[in-house]
Amino acid sequence: CLIIIKEVRSMKGISVAKIIIIIAILGALAAWVVPRILGY
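When we follow my numbering, the leftmost residue of the sequence shown carries the number -6, and every step to the right adds one.
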């Protein structure tokens, strides 16, 4: 049981890290693309 709990925690940690990385990448892309779309 303890091993399963540890695996679930590590999975949650990985998923949270992935979400944070994805948000950071999307934010960087938006910051790069939006000014070009708006014409700045």
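A virtual CB, placed ideally from N, CA and C, is assigned to each residue, including glycine.
In this text the structure is predicted, and so the values were computed from the model without any measurement.
C-alpha distance - residue i paired with residue j, whole-angstrom precision
i: GLU0; j: ILE13; result: 20 Å
i: SER8; j: LEU(-5); result: 20 Å
i: ARG29; j: ALA23; result: 10 Å
i: TRP25; j: SER3; result: 33 Å
i: LEU31; j: ILE(-3); result: 50 Å
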